[in-house]
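Okay, so the sequence shown: first residue is 226 according to our numbering, each after it adds one. Taking it in order: structure first as C-alpha coordinates, then the write-up.
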Amino acid sequence: MHDVLEILAVLLLATGAVLSVAAITTGWIAPGRGRAKVLRPRVWGYGTLVAMAGSGTFLFVGPLQGPEGNFPVSMSGMAVFAAGLYVQRQAMKPARKTSA
(Lines of atoms letter the chains of each structure in order from A; the text may use other names.)
(Lines give C-alpha, C1' and ligand atoms only; values in the text may rest on other atoms or scores of the structure.)
Protein backbone atom coordinates (compact mmCIF):
# COMPACT_ATOMS: atom_id res chain seq x y z
CA MET A 226 0.00 0.00 0.00
CA HIS A 227 2.84 2.37 0.86
CA ASP A 228 4.43 1.90 -2.58
CA VAL A 229 1.14 2.69 -4.31
CA LEU A 230 0.84 5.95 -2.38
CA GLU A 231 4.37 6.94 -3.34
CA ILE A 232 3.68 6.21 -7.02
CA LEU A 233 0.46 8.23 -6.91
CA ALA A 234 2.25 11.13 -5.23
CA VAL A 235 5.00 11.13 -7.84
CA LEU A 236 2.46 11.01 -10.69
CA LEU A 237 0.43 13.88 -9.26
CA LEU A 238 3.51 16.02 -8.61
CA ALA A 239 4.88 15.31 -12.08
CA THR A 240 1.55 16.20 -13.69
CA GLY A 241 1.43 19.45 -11.74
CA ALA A 242 5.01 20.26 -12.74
CA VAL A 243 4.30 19.59 -16.43
CA LEU A 244 1.15 21.76 -16.36
CA SER A 245 3.00 24.56 -14.59
CA VAL A 246 5.86 24.51 -17.10
CA ALA A 247 3.30 24.61 -19.92
CA ALA A 248 1.67 27.65 -18.31
CA ILE A 249 5.01 29.39 -17.81
CA THR A 250 6.37 28.78 -21.31
CA THR A 251 3.24 29.06 -23.46
CA GLY A 252 0.62 30.72 -21.27
CA TRP A 253 -1.67 27.68 -21.67
CA ILE A 254 -3.78 26.43 -18.77
CA ALA A 255 -5.66 23.14 -18.82
CA PRO A 256 -9.42 23.46 -19.35
CA GLY A 257 -11.48 23.47 -16.19
CA ARG A 258 -13.84 25.43 -14.00
CA GLY A 259 -11.30 27.96 -12.73
CA ARG A 260 -9.56 28.65 -16.03
CA ALA A 261 -11.60 31.76 -16.79
CA LYS A 262 -10.59 33.32 -13.45
CA VAL A 263 -6.85 33.18 -14.21
CA LEU A 264 -5.83 36.49 -15.77
CA ARG A 265 -2.07 35.87 -15.73
CA PRO A 266 -1.32 32.25 -16.70
CA ARG A 267 2.45 32.56 -16.37
CA VAL A 268 2.16 33.76 -12.78
CA TRP A 269 -0.25 30.89 -12.13
CA GLY A 270 2.35 28.50 -13.54
CA TYR A 271 5.04 29.81 -11.20
CA GLY A 272 2.66 29.47 -8.27
CA THR A 273 1.84 25.89 -9.23
CA LEU A 274 5.52 25.02 -9.57
CA VAL A 275 6.26 26.42 -6.10
CA ALA A 276 3.22 24.60 -4.67
CA MET A 277 4.34 21.29 -6.20
CA ALA A 278 7.83 21.72 -4.71
CA GLY A 279 6.35 22.40 -1.28
CA SER A 280 3.89 19.55 -1.54
CA GLY A 281 6.61 17.13 -2.59
CA THR A 282 8.83 18.22 0.28
CA PHE A 283 5.98 17.79 2.73
CA LEU A 284 4.98 14.36 1.46
CA PHE A 285 8.37 12.74 0.99
CA VAL A 286 10.02 14.13 4.12
CA GLY A 287 6.96 13.75 6.35
CA PRO A 288 4.01 11.35 6.04
CA LEU A 289 5.42 9.05 3.36
CA GLN A 290 8.69 8.74 5.26
CA GLY A 291 6.97 7.12 8.21
CA PRO A 292 7.42 7.85 11.90
CA GLU A 293 11.08 8.80 11.45
CA GLY A 294 10.17 11.75 9.19
CA ASN A 295 11.71 15.17 9.79
CA PHE A 296 8.87 17.31 11.19
CA PRO A 297 10.42 20.82 10.83
CA VAL A 298 11.44 20.24 7.20
CA SER A 299 8.06 18.71 6.47
CA MET A 300 6.23 21.72 7.88
CA SER A 301 8.47 24.10 5.92
CA GLY A 302 7.33 22.23 2.81
CA MET A 303 3.76 22.95 3.83
CA ALA A 304 4.66 26.66 4.21
CA VAL A 305 6.17 26.65 0.70
CA PHE A 306 2.97 25.00 -0.57
CA ALA A 307 0.92 27.80 1.00
CA ALA A 308 3.20 30.39 -0.62
CA GLY A 309 2.57 28.74 -3.99
CA LEU A 310 -1.18 28.96 -3.41
CA TYR A 311 -0.76 32.65 -2.60
CA VAL A 312 1.06 33.23 -5.89
CA GLN A 313 -1.70 31.35 -7.74
CA ARG A 314 -4.27 33.60 -6.08
CA GLN A 315 -2.34 36.66 -7.25
CA ALA A 316 -2.59 35.33 -10.82
CA MET A 317 -6.34 35.85 -10.62
CA LYS A 318 -5.91 39.61 -10.17
CA PRO A 319 -5.11 41.96 -13.04
CA ALA A 320 -1.52 43.08 -13.45
CA ARG A 321 -0.53 46.42 -11.99
CA LYS A 322 -0.30 49.37 -14.32
CA THR A 323 3.23 50.65 -14.71
CA SER A 324 3.71 54.31 -15.48
CA ALA A 325 6.37 55.02 -18.05
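Note that beta-carbon positions come from the ideal geometry of N, C-alpha and C, so glycine has one too.
Extent of the continuous alpha helix (DSSP H) run through residue i
| i | result |
| --- | --- |
| Gly-281 | 266–286 |
| Glu-231 | 227–251 |
| Ser-301 | 296–315 |
Supposed contact pair residue j and residue i - C-beta distance, whole angstroms, cut 8 Å
| i | j | result |
| --- | --- | --- |
| Gly-309 | Gly-272 | 5 Å |
| Met-277 | Gly-241 | 4 Å |
| Val-305 | Val-286 | Contact doesn't hold; Cβ gap of about 11 Å is too wide. |
CB of residue i within 8 Å of CB of residue j, strictly
| i | j | result |
| --- | --- | --- |
| Gly-270 | Ala-248 | yes |
| Ala-320 | Arg-267 | no |
| Thr-323 | Gly-302 | no |
| Leu-218 | Ala-234 | With the chain running from 226 to 325 in the structure shown, residue 218 is simply not present. |
| Lys-262 | Met-300 | no |
| Leu-238 | Ser-280 | yes |
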